[in-house]
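Asker:
Numbering (the working numbering), first residue to last: 22 to 160.
(1) Identify which residue in 109, 138 and 117 has its Cα closest to the Cα of residue 126.
(2) Going by beta carbon distance, what residues of the same chain come within less than 7 Å of residue 105, once the five residues before and after it are set aside?
(3) To which residues of the same chain is residue 103 closer than 6 Å at the C-beta, ignoring the five residues directly before and after it?
(4) May I ask you to report which of helix, strand or coil DSSP gives residue 115?
(5) Please report the distance separating the alpha-carbon of residue 47 from that of residue 124.
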């Protein structure tokens, strides 16, 4: 189970046990929340602290000798963000090298933003996605 750190709300903690040397571990987070409006657009901010970093792996007791987290080249992440809006989407801003697909299904407008097999060591700041809908009073 994932828990917010009591002192730092941007830090999530999870205990994972029984990992053998060389074993691969997949961690999936699903975040469902009401978005804030920043600069006239809805904003989803994914703090870089949500991602395991090679340099702090030993600090959080994840550095198992021979495990993939010991190597910065094999510590990767994927993300997928779905934006579903009743209104037409007029603007979507995404992280670099992300794939964006937009579709209209019945009365629902959808944008899917994905980044697959990216290196965690390349994350230098929070992942931020902005979008605007035709009428901002209705997401």
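Every residue gets a Cβ at the ideal spot worked out from N, C-alpha and C, and that includes glycine.
Answerer: Per the coordinate set shown:
(1) Ranking 109, 138 and 117 by CA distance to the CA of residue 126 puts 109 first.
(2) So the list reads 129 and 131, once near-sequence residues are dropped.
(3) So the list reads 133, once near-sequence residues are dropped.
(4) Per DSSP, reduced to three states, the secondary structure at residue 115 is coil, with no helix or strand assignment.
(5) If you take the alpha carbons of residue 47 and residue 124, they lie about 29 Å apart.
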